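Protein chains in written order, with UniProt numbering: chain A, 1 to 275; chain B, 1 to 275; chain C, 1 to 275. Quick reminder that beta carbons are idealized off the backbone N, C-alpha and C, glycines included. Predicted, not measured: the structure shown is a model, and the values here were computed from it. Data block below; observations after.
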Amino acid sequence: MCVSPLLVPQQRNYSTPPKIRVEFDQSTGVAVMHMQSPPVNSLSLDFLTELCISVEKLEMDKSCRGLIITSAQPKVFSAGLDITEMYGKSPEHCGAFWRSVQEMWLKLYGSNMVTVAAINGSSPAGGCLMAMTCDYRIMADNPRYNIGLNETQLGIVAPFWFMDTMKNTVGQRTTEIALQLGLLYKPADALKIGLVDQLEPEDQVIAAATQTISRWLAIPDHARQITKSMMRKKTIDKLTSNRESDIQYFVNFITKDSIQKSLGGYMEMLKKRRA
Amino acid sequence: MCVSPLLVPQQRNYSTPPKIRVEFDQSTGVAVMHMQSPPVNSLSLDFLTELCISVEKLEMDKSCRGLIITSAQPKVFSAGLDITEMYGKSPEHCGAFWRSVQEMWLKLYGSNMVTVAAINGSSPAGGCLMAMTCDYRIMADNPRYNIGLNETQLGIVAPFWFMDTMKNTVGQRTTEIALQLGLLYKPADALKIGLVDQLEPEDQVIAAATQTISRWLAIPDHARQITKSMMRKKTIDKLTSNRESDIQYFVNFITKDSIQKSLGGYMEMLKKRRA
Amino acid sequence: MCVSPLLVPQQRNYSTPPKIRVEFDQSTGVAVMHMQSPPVNSLSLDFLTELCISVEKLEMDKSCRGLIITSAQPKVFSAGLDITEMYGKSPEHCGAFWRSVQEMWLKLYGSNMVTVAAINGSSPAGGCLMAMTCDYRIMADNPRYNIGLNETQLGIVAPFWFMDTMKNTVGQRTTEIALQLGLLYKPADALKIGLVDQLEPEDQVIAAATQTISRWLAIPDHARQITKSMMRKKTIDKLTSNRESDIQYFVNFITKDSIQKSLGGYMEMLKKRRA
Chain A
1 MCVSPLLVPQ QRNYSTPPKI RVEFDQSTGV AVMHMQSPPV NSLSLDFLTE
51 LCISVEKLEM DKSCRGLIIT SAQPKVFSAG LDITEMYGKS PEHCGAFWRS
101 VQEMWLKLYG SNMVTVAAIN GSSPAGGCLM AMTCDYRIMA DNPRYNIGLN
151 ETQLGIVAPF WFMDTMKNTV GQRTTEIALQ LGLLYKPADA LKIGLVDQLE
201 PEDQVIAAAT QTISRWLAIP DHARQITKSM MRKKTIDKLT SNRESDIQYF
251 VNFITKDSIQ KSLGGYMEML KKRRA
Chain B
1 MCVSPLLVPQ QRNYSTPPKI RVEFDQSTGV AVMHMQSPPV NSLSLDFLTE
51 LCISVEKLEM DKSCRGLIIT SAQPKVFSAG LDITEMYGKS PEHCGAFWRS
101 VQEMWLKLYG SNMVTVAAIN GSSPAGGCLM AMTCDYRIMA DNPRYNIGLN
151 ETQLGIVAPF WFMDTMKNTV GQRTTEIALQ LGLLYKPADA LKIGLVDQLE
201 PEDQVIAAAT QTISRWLAIP DHARQITKSM MRKKTIDKLT SNRESDIQYF
251 VNFITKDSIQ KSLGGYMEML KKRRA
Chain C
1 MCVSPLLVPQ QRNYSTPPKI RVEFDQSTGV AVMHMQSPPV NSLSLDFLTE
51 LCISVEKLEM DKSCRGLIIT SAQPKVFSAG LDITEMYGKS PEHCGAFWRS
101 VQEMWLKLYG SNMVTVAAIN GSSPAGGCLM AMTCDYRIMA DNPRYNIGLN
151 ETQLGIVAPF WFMDTMKNTV GQRTTEIALQ LGLLYKPADA LKIGLVDQLE
201 PEDQVIAAAT QTISRWLAIP DHARQITKSM MRKKTIDKLT SNRESDIQYF
251 VNFITKDSIQ KSLGGYMEML KKRRA
């Protein structure tokens, strides 16, 4: 049996500050989850472990009915999967990492809470995936930000459940183009194709999310939850029943020499860009 | 074996006037079905039984090729399922009622006739379902009317085949939002999301439906019918092969104390609003 | 066992000029396939056989990464399936013909190359199918041209894989209307529903296709190909695993007296229109 890293929180390095900060307003039943992992909220194994534990705690708290996910970092919602978790790492590490990505998706896409993404910065790849798991997406109306599943631009492939989540959001044809080209959309274009639901001035994104969530919370929880679950069940079941083979597939793919070389080149490019 | 109420028309109370009036124009091959059950064409067991018998008669009449469904009541197309059929009733009654809702959907969604909904009033819940079974929807352009599956607002859940019908009409993402929030759309918004296909001034809805249907009837019946059946087969098969379990699920759900309480509260609210 | 006509190129009548002309630019890795079968690039058995052989050759040439399909005939991209291959022909001939239509679709819809349709003329029925197999569609902005699956207008039915291809392109609801009515869309309307992706002045269609394809070729082949294959696999598998029964169904349908009569009437009408 494989022990999930998510069940072993003591593995977390407690010398670092928390990567997730949760504010829960008991009076409204809404929690705001601030992602605060400098510089760009990369989805590392540690980050995802913390995030999943936080979501699970809120999920088990009956008084928490809504969740807003947002970033405490400037200019970025989340930069997506942390490439250092897949570059030059053992197959075991890559597998544990991938399991935590799956876990994040399963927890958020299947959440009983109303979930709203307050996308106050760029949100490529895994960041876009996280936003797409929510019930509603509000993005800062800043043309320097973008959002999308840009995996192919890095020479890698969005797995089937990323694909399914996008199809459920923007439909088959738009997904086919977006994924093949690894497109990143500016907010106005993301709104046009339905990748986000609403644009707001940057400083009003969280306020708008709070307003939206109160509208969703006016609906009886039980009826809304069953409806959400029925709409998403097929997509969730597909990963749940293929979880191990999906991990195996990812590990085989990502540890290939050619893919490692692509990732290495991409990291070099990022380093140079920063310098 | 369970005898369908639809096969026992003698159970109908013949002291009440007919709830359905059909005008069939032999020269055009088009029937117009006027729903005339005051005050709001609620889909009661009697109403649905009459409607299904009418549709079946037309279906078997080879000279009838098109069907327009409209309302003879002011301001409303149909208010949806008759709550009195599910409130304080025996499981047997609830089951017979649900079977008649299924039968209505199966007959209309799988009809060989060209079907056009002339939506000359509001059309919530079951009224919206009925409209969505048609090949084409023309709605009166009156901003006081609305249409949608608003079940969650009543604390209940649109069953999977309501959901599938809506997904086939407006797509996965719009359905996800519409059903979770139980949204009712004004005509202009319904047109925008594709829930209706055309708006017309209220007094021209039926004329427009007649014009539309003549265009559809210009297509050879055989080819059009096979095409329609191929497009809808998967959705129809899903209910056909899960009919009994769907009834069981509905009866178990609707007879729960908490749901009965919700329905009771809703009926009280309606009474007060009328008074 | 049934020998595919595609494997027997020597059956081709070498006294006729080639129906397909391929220009391959080694420097860009892009091939342009000109359909040049007068008068209207009808998809005959010979035409499809040539086309499939050409595509297969390009597919096996690693240096060829992109394919533009266009017409060398004035005013028409392709008029669709050659009715003379299904009218008054033996079941064996109809079956061999249908297999070649399937083969064209399987080769193009599953191509590893980037495929762009440069639709420089009308593209009904099978012509529209061919265009829909491509990754991207650019149509000449000439309101006298049209595109669509108009099978029902001829009294025949678009088979399930035509239907699936259209659903993948424009969604369920638009497909339901388009196929039942056999709609042919002008370029502006085709753009609006997403049946084509871009309009260009007639003399710039190929230049635009070249520009588009270079953008797609900027994506690493491997990642793009896997993505494309994942997006289309389910649709392709459905035909692959039902190929023989689909042929049988087609042959039974098309050889019916009533259908043969329809086709005969249609051919008479075409003849008169030309005269």
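Asked: For the alpha helix (DSSP H) containing B:Phe-24, name the first residue and the last one.; Found: Element bounds for B:Phe-24: not the alpha helix (DSSP H) but the beta strand (DSSP E), 20 to 25.
Asked: State the Cα-Cα distance for the pair C:Glu-50 and C:Ala-96, rounded to the nearest angstrom.; Found: 14 Å
Asked: Please report whether the beta-carbon of B:Gln-260 lies at a distance below 8 Å from any beta-carbon of chain A.; Found: no
Asked: Can you confirm whether C:Met-163, when its beta carbon is compared against all beta carbons of chain B, has any partner nearer than 8 Å?; Found: yes
Asked: Quick check: C:Pro-187 and C:Pro-143, are their CB atoms within less than 8 Å of each other?; Found: yes
Asked: Jot down the residue ranges of each uninterrupted beta strand (DSSP E) in the region 85 to 153 of chain B, minimum 3 residues, whole runs only, in chain order.; Found: 114 to 119 and 136 to 140
Asked: Would you kindly report the start and end of the unbroken alpha helix (DSSP H) that includes C:Ile-177?; Found: 172 to 181
Asked: Have a look at A:Asp-189 and A:Lys-234 and give me their C-alpha separation to the nearest angstrom.; Found: 29 Å
Asked: Does any CB atom of chain B fall closer than 8 Å to the CB of C:Phe-160?; Found: yes
Asked: If we count Cβ pairs, one from each stretch, closer than 8 Å, do we get three or more for the region 87 to 94 of chain C versus the region 47 to 66 of chain C?; Found: no
Asked: Could you give the residue range of the alpha helix (DSSP H) that holds C:Val-55?; Found: 45 to 60
Asked: Rounded to whole angstroms, what's the CA-CA distance from A:Ile-259 to C:Asp-135? Just pull it up for me.; Found: 25 Å
Asked: Taking 8 Å as the CB-CB cut-off, is B:Ile-138 touching chain C?; Found: no
Asked: Counting only the same chain and skipping the five closest in sequence on each side, list residues whose C-beta sits under 6 Å from that of residue 352 of chain C.; Found: With chain C running from 1 to 275 in the structure shown, residue 352 of chain C is simply not present.
Asked: Any idea if C:Ser-42 is buried or exposed, counting beta-carbon neighbours within 10 angstroms, 16 or more meaning buried?; Found: buried
Asked: Compare the C-beta of C:Gln-248 against all C-beta atoms of chain B and say whether one is closer than 8 Å.; Found: no
Asked: Reducing DSSP to helix, strand and coil, say where C:Val-205 ends up.; Found: helix
Asked: Taking the alpha carbon of B:Ala-72 as the reference point, which residue from B:Gly-88, B:Ser-37, B:Gly-264 and B:Asp-46 has its own alpha carbon closest?; Found: B:Ser-37
Asked: According to DSSP, is C:Val-76 part of a helix, a strand, or is it coil?; Found: strand
Asked: When the Cα atoms are used, what is the spatial distance from C:Lys-107 to A:Tyr-109?; Found: 36 Å
Asked: Excluding five sequence neighbours on each side, which residues of the same chain lie with their C-beta closer than 7 Å to the C-beta of B:Gln-225?; Found: Asn-112
Asked: Does the beta carbon of A:Thr-28 come closer than 8 Å to any beta carbon on chain B?; Found: no
Asked: Does the CB of C:Gly-155 have a neighbour CB from chain B at under 8 Å?; Found: yes
Asked: Mind pulling the chain C residues with CB within less than 8 Å of A:Thr-152?; Found: Ile-219, Pro-220, Ala-223, Arg-224 and Thr-227
Asked: Tell me, which residues are paired with B:Val-30 by DSSP?; Found: B:Asp-25 and B:Gly-66
Asked: Please classify C:Ala-218: is it buried, with 16 or more other beta-carbons within 10 angstroms of its beta-carbon, or exposed?; Found: exposed
Asked: Could you confirm whether any beta carbon from chain C is found closer than 8 Å to the beta carbon of B:Met-231?; Found: yes
Asked: Consider the Cβ of C:Thr-175: report whether some Cβ of chain B lies at a distance smaller than 8 Å.; Found: yes
Asked: Please state the DSSP three-state secondary structure of A:Ser-71.; Found: strand
Asked: Buried or exposed for C:Thr-16, going by 16 or more other Cβ atoms inside 10 Å?; Found: exposed
Asked: Taking the C-alpha atoms as reference points, what is the distance between residue 303 of chain B and B:Gly-80?; Found: Outside the displayed span of chain B (1 to 275) sits residue 303 of chain B, for which this structure offers no information.
Asked: Which residues in chain A have a C-beta closer than 8 Å to the C-beta of C:Trp-216? List them in chain order.; Found: Gln-180 and Leu-181
Asked: Give the DSSP-derived three-state secondary structure of C:Gln-198 in the structure shown.; Found: strand
Asked: Note down, in chain order, every chain A residue with its Cβ under 9 Å from the Cβ of C:Gly-171.; Found: Gly-171, Gln-172 and Arg-173
Asked: Below 8 Å on the Cβ atoms is my guess for C:Gln-26 versus C:Ser-63; work out the distance and round it to an integer in Å.; Found: 6 Å
Asked: Below 6 Å CB to CB, which residues in the same chain sit around C:Val-30 once its five sequence neighbours on both sides are set aside?; Found: Gly-66 and Ile-213
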